[in-house]
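Remarks on the structure that follows.
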Ligand SMILES: Cc1cc2nc3c(=O)[nH]c(=O)nc-3n(C[C@H](O)[C@H](O)[C@H](O)COP(=O)(O)OP(=O)(O)OC[C@H]3O[C@@H](n4cnc5c(N)ncnc54)[C@H](O)[C@@H]3O)c2cc1C
Ligand SMILES: Cc1cc2nc3c(=O)[nH]c(=O)nc-3n(C[C@H](O)[C@H](O)[C@H](O)COP(=O)(O)OP(=O)(O)OC[C@H]3O[C@@H](n4cnc5c(N)ncnc54)[C@H](O)[C@@H]3O)c2cc1C
Ligand code: SF4
Ligand code: SF4
Ligand code: FES
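Chains as they are written, first to last, in our numbering: chain A, 47 to 326; chain B, 9 to 501.
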């Protein structure tokens, strides 16, 4: 049992929850994740470790309510318990001083990429962070990112904050300006990771993406998390979650993420009705 | 001339008037609609009748066929005498999981294969009797907790809670050691809980075995991935005197044919894990599973049978077994193949899948196969299947489950530099005592042998426990109080 010690609503759909998990807190490194199963009937879902406090023995997760399990997670309060948390899973980010790093986050991806950016910042890299959202009110983690970057750029679809357009356009601009870039890291929705990789590929600009395939055990035992990288099947949970962005078959990943759409819709309805009952 | 109806010990086999007692089974029309166990167990009457068939050989051949050397005539005799709980205690002298082995051991290749009665008639149903005694003990609350020795002061970590880990833990705790099992998943039992389906091994049985170990004092830490959360070396540095690695061979193999990553292609491990461990068959559980109309299961072993029979129970209209050799070469247990056939599995034997075809959205729509014929024997002694030219055909399926085997999990070797592996990735360990290439680290079960059987994994766990006991006492002799630890009785309280 893992006790929730803090909880914060960051937006309509995004929450941060801090849980007691001392062994994981001590061991985890940037880029790693945990598997969470809320209760006996629950599904095992992977969530990035967005921060950890080894002294307090806590880890924090930031999640977006997209379906049944993340919605259920959002209903848990301080003092409640999560039945199972396992980790830290996956390979840590290879952190070293690359030189100049551009870190791109899309939506929630900004929060999920934060520990990676922080580690690269602390390793002495010059960090240019690009955060993006549909509009100003959805721009999040700006303050947090400012602390761990040397330059912070913002892109919104409607131009209500920062640059009007996509983060890939900002990246292209940096490249066109002749800025020396040694590494690009992108964490976000699959289409964004695909787009960023497409921009950097012609320049041979090393690009790391953090993939989010569907997982079950996350220990390498089932193969649900199969992704094709460089023409070879890899297991996202144990071989990743980070891969060379230029090698990933994004089209396949996107299709595989739709495997359970029907069931997810059914469960969404179930959540709505259960939640109604709880409220009443 | 030697009379073939009289055995070496002089038993007259002609006197075998009682035929082998069949175990009542759930009707196959009914059972494919549920996940309850297929064979329903002997009644005491049937058990005693079957027990009476055993000739009580002085030199029991059956015993040499059992990997852990259970005293078979002795436990059967106790059943014949009506002392069922006593029979279960007898079994537990050699086998800590009789209710499991009685169900899933390949008996027809082990104890029953060499039973003397089998020379003339069908063998004594050793497995069925074993199951009966163990079930009696469990369901009648007759489980006895052995008297434990004084705590020895030694501490042993067991990594993995499959049959190898469980049996090692049981033996070690009975020798007075403090034992902690670390299990990566949220439930203990290894393949017994995530792989083998409910209808063949009810999870309640595994749970009660685990409860028993806990009562003996074994601590189980779930959600603990060793190599990630803590390494083997860290365990050794943090107060454990020895580590037993029993992490199994859980890494699923794929075929490397085109189309393997289409939606609707599962490894057997994933399919079974979703249904067994995550209980996707029960709508109250959240984990999803695809419910498709026509499923091809590739492979011919127990795992393939389990996946296929599970698929039938999930309401699949047609389930095909696609296997590249013929029925005689199928590694699955005869009973499982028979049960599967009764339940309506359809067999495409001498058939090799070459490609999975998909639609534009990335979903499986057919499996392309080639017909095979048997050629010369290969290294395994089985005749090698060779493709028949121009025999390609399409199997109309919307889901494919791949059950062609598993290999060793690399996490422990990767994170434990002192532990060496063979070219296949299995941990190198002494066959007799499980000693690996690193001092204080022992290993056993599928991680050492590659995918094998429950009983072999248990046997390895037991042997390693003995070696670990000797090792820790030698390593820190000061702790070794005279006599403590070694004597334990299984007397009932
Ligand atoms: C390594 C890794 C780290 C992740 N970290 C985070 C995180 O820190 N915060 C966060 O909010 N999300 C994270 N995700 C995604 C998160 O796991 C899914 O959002 C979650 O499983 C959805 O569960 P659900 O029941 O709420 O929604 P569902 O109803 O199951 O799904 C809703 C949507 O989420 C997608 N989805 C379903 N299952 C998964 C899955 N296992 N992985 C990815 N997408 C899925 C589906 O395609 C669907 O569009 C991560 C995924 C991976 C693989
Ligand atoms: C579907 C299926 C059906 C089978 N049917 C039969 C049958 O009928 N009869 C028979 O005799 N055999 C059968 N087998 C084979 C048998 O189950 C195995 O040989 C046996 O379970 C091996 O036991 P084990 O203890 O070595 O490993 P496992 O049972 O595989 O257990 C290993 C455990 O270690 C855990 N683990 C792995 N890595 C780590 C880590 N790093 N840290 C912590 N924990 C870890 C795993 O999660 C798992 O729980 C079957 C196997 C399968 C898959
Ligand atoms: S453990 Fe297996 S091989 Fe041994 S007696 Fe029992 S059924 Fe036979
Ligand atoms: S089971 Fe068979 S071999 Fe074993 S003692 Fe009985 S008759 Fe003899
Ligand atoms: S999630 Fe099961 S192998 Fe990766």
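All C-beta atoms, glycine included, are put in the ideal place defined by N, C-alpha and C.
Predicted, not measured: the structure shown is a model, and the values here were computed from it.
(request) Could you list which residues in chain A have their beta carbon closer than 9 Å to that of residue 316 of chain B, in chain order? (result) Correct list: empty, because the minimum Cβ distance to chain A is about 18 Å.
(message) Can you find the residues in the same chain that come closer than 7 Å, C-beta to C-beta, to residue 211 of chain A, ignoring five residues on each side of it along the sequence?
(response) 201
(request) Would you list the residues whose beta-carbon is nearer than 7 Å to any heavy atom of ligand 5, in the order they occur in the chain? (result) Any heavy atom of ligand 5 counts here; residues with a Cβ closer than 7 Å to one of them, in chain order, are A:261, A:262, A:263, A:264, A:265, A:266, A:267, A:268, A:269, A:270, A:271, A:281, A:282, A:283, A:284, B:278.
(request) Verify whether the separation of the beta carbon atoms of residue 348 of chain B and residue 331 of chain B is less than 8 Å. (result) no
(request) Could you have a look at residue 498 of chain B and say whether DSSP puts it in helix, strand or coil? (result) Caution applies to residue 498 of chain B, whose pLDDT of 38 falls short of 50 and renders its modelled position unreliable; the model cannot decide the point.
(request) Assuming residue 151 of chain B contacts residue 224 of chain B (C-beta within less than 8 Å), just tell me the rounded distance between them. (result) Not confirmed; about 11 Å, so no contact.
(request) Measuring only between beta-carbons, confirm whether residue 432 of chain B sits less than 8 Å from chain A. (result) Cβ-Cβ to chain A under 8 Å: no for residue 432 of chain B.
(request) Would you kindly work out how many angstroms separate the C-alpha atoms of residue 390 of chain B and residue 438 of chain B, rounded to a whole number? (result) If you draw a straight line from the Cα of residue 390 of chain B to the Cα of residue 438 of chain B, it is about 29 Å long.
(request) Could you spell out where the alpha helix (DSSP H) holding residue 88 of chain B opens and where it closes? (result) 80–88
(request) Locate the beta strand (DSSP E) running through residue 188 of chain B, then write down its first and last residues. (result) 186–190
(request) Note down, in chain order, every chain A residue with its Cβ under 8 Å from the Cβ of residue 260 of chain B. (result) Near residue 260 of chain B (Cβ distances below 8 Å), the residues of chain A are 267, 268, 269.
(request) Note the first and the last residue of the continuous beta strand (DSSP E) segment covering residue 231 of chain A. (result) 229–233
(message) What does DSSP give as the partner residue(s) for residue 360 of chain B in the beta ladder?
(response) B:378
(request) Give the DSSP-derived three-state secondary structure of residue 135 of chain B in the structure shown. (result) helix
(request) Pick helix, strand or coil for residue 383 of chain B, following the three-state DSSP scheme. (result) strand
(request) With DSSP as the reference, please indicate the residues paired to residue 203 of chain B in a beta bridge. (result) DSSP output for residue 203 of chain B lists no bridge partner at all.
(message) Is residue 102 of chain B near ligand 2 - that is, is its Cβ less than 7 Å away from at least one heavy atom of it?
(response) no
(message) Taking the straight line between their C-alpha atoms, what separation do you get for residue 320 of chain A and residue 117 of chain B?
(response) So the two alpha carbons sit approximately 52 Å from each other.
(request) Could you please give me the residues that DSSP links to residue 201 of chain A through a beta bridge? (result) A:178, A:209
(request) Could you spell out the range, first to last residue, of the beta strand (DSSP E) harbouring residue 276 of chain A? (result) Run containing residue 276 of chain A: none; DSSP gives neither H nor E here.
(request) Could you work out which residues of chain A lie near residue 282 of chain B, taking near to mean beta carbons separated by less than 7 Å? (result) 262
(request) Please specify which runs of the beta strand (DSSP E), each continuous and at least 3 residues long, are wholly inside the stretch 67–142 of chain A, giving them in chain order. (result) 79–83, 91–94, 97–99, 104–110, 130–135
(request) Rounded to whole angstroms, what's the CA-CA distance from residue 81 of chain B to residue 60 of chain B? Just pull it up for me. (result) 11 Å
(request) Using a Cβ cut-off of 7 Å, pull out every chain B residue sitting near residue 131 of chain A, in sequence order please. (result) 231
(request) Output yes if chain A places a C-beta closer than 8 Å to the C-beta of residue 237 of chain B; else output no. (result) yes
(request) Measuring only between beta-carbons, confirm whether residue 239 of chain A sits less than 8 Å from chain B. (result) no
(request) Please classify residue 165 of chain B: is it buried, with 16 or more other beta-carbons within 10 angstroms of its beta-carbon, or exposed? (result) buried
(request) Answer yes or no: the CB of residue 341 of chain B versus the heavy atoms of ligand 2, is any distance below 7 Å? (result) yes
(message) Please report the distance separating the alpha-carbon of residue 195 of chain B from that of residue 66 of chain B.
(response) 43 Å
(request) Using a cut-off of 8 Å between C-beta atoms, extract the partners of residue 278 of chain B located in chain A. (result) Within chain A, the residues placing a beta-carbon under 8 Å from that of residue 278 of chain B are 262, 268, 269, 270, ordered along the chain.
(request) List the whole-angstrom C-beta distance separating residue 266 of chain A from residue 281 of chain A, where the pair is believed to meet the contact cut-off of C-beta under 8 Å. (result) 6 Å
(request) Tell me whether the beta-carbon of residue 132 of chain B lies closer than 8 Å to the beta-carbon of residue 72 of chain B. (result) no
(message) For residue 476 of chain B, report the span of its alpha helix (DSSP H) as first-last.
(response) 462–483
(message) By the three-class DSSP mapping on this structure, what secondary structure does residue 35 of chain B have?
(response) coil
(request) From the DSSP output, read off the bridge partner residues of residue 257 of chain A. (result) As computed with DSSP, residue 257 of chain A is found in no beta bridge at all.
(request) Drop a sphere of 10 angstroms on the beta-carbon of residue 342 of chain B, count the other beta-carbons inside from all chains shown, and report buried for 16 or more, exposed for fewer. (result) exposed
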